[in-house]
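Each remark here refers to the structure printed beneath this line.
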Amino acid sequence: MNGRRGVLARRCDEVRLAFMLLSRLPMGRIAAAPPLSQSFWAYPLVGAVVGGVTGLVLWGGLALGLPPLAAAAVALGASVTLTGAMHEDGLADTADGFGGGDTVVRKLEIMRDSRLGSYGVLALIVTCGLRMSLWAELGAEIDNVMVLALLGALSRAILPPMIL
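If you're matching positions, the sequence shown starts at 73 in this note's numbering and goes up one per residue.
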């Protein structure tokens with residue numbers, strides 16, 4: 073019985089670690105955090121939660137009568153708040169590096185710079201606009217919450233193979 077409790081406690085710590093890395097949701101402290109690689113299996117769960125909440129916000133906005141693009145903008149705001157804009161920050165850094173650097177060393181230097189450049193701004197405008205316009209087309213069906221949850225899970229499921 074004690075062995076099962078130990079396994080369950082470890083799995084809970086792995087889930088909490090995944091949420092701590094991939095979201096801004098408060099998870100408290102982990103006394104003895106497991107190695108990051110042991111939490112990889114929980115990444116899709118985090119994505120499903122973030123995508124599901126985003127979908128619920130979109131659905132709620134549409135149900136309250138917001139225009140589709142406005143509901144999608146609020147949903148995007150919720151998504152960015154949940155993740156701490158981690159993905160958007162990485163995208164902007166990458167766009168600035170590839171757009172502004174002429175050598176590998178210079179590209180990496182630009183990517184490490186915390187300032188936002190023109191290419192980063194344009195990448196954010198394009199991707200946020202694209203997400204909002206696509207989400208606005210989903211409509212007010214509750215099934216679309218599941219669509220965004222599934223997309224969130226799939227987008228996080230590909231991270232571990234990319235890391236390894």
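The beta carbon of each residue, even a glycine, is placed where N, CA and C say it ideally should be.
All figures in this text were calculated on a predicted structure; none of them were measured in a lab.
- A residue is called buried once 16 or more other Cβ atoms fall within 10 Å of its Cβ, and Ile235, having fewer, is exposed.
- Here Ile214 is exposed, its C-beta having fewer than 16 other C-beta atoms within 10 Å.
- Cβ atoms of Ser151 and Thr126 come within 8 Å of each other, at about 4 Å.
- Around the beta-carbon of Glu181, fewer than 16 other beta-carbon atoms lie within 10 Å, marking it exposed.
- Residue burial annotation: Val217 is buried, with at least 16 other C-beta atoms found within 10 angstroms of its C-beta.
- In this structure the segment 221 to 232 lies against the segment 105 to 125, because at least three pairs of beta carbons, one per stretch, are closer than 8 Å.
- DSSP, reduced to helix, strand and coil, places Met183 within a helical segment of the structure shown.
- One Cα belongs to Leu80, the other to Arg101, and the distance between them is close to 17 Å.
- Per DSSP, the continuous alpha helix (DSSP H) segment holding Ala221 begins and ends at Asp215 to Ala229.
- Judged by beta-carbon spacing, Met183 lies beyond the 8 Å limit of Asp161, meaning their Cβ atoms are not closer than that value.
- By the C-beta criterion, the segment 134 to 144 is judged to be in contact with the segment 201 to 214, since at least 3 inter-stretch pairs fall below 8 Å.
- By the Cβ neighbour-count rule, Gly192 is buried, with 16 or more other Cβ atoms within 10 Å of its own.
- Looking only at Ala103, Arg83 and Ala114, the smallest Cα-Cα distance to Leu93 is reached by Ala114.
- The criterion of a C-beta distance shorter than 8 Å is satisfied by Ser111 and Ala90.
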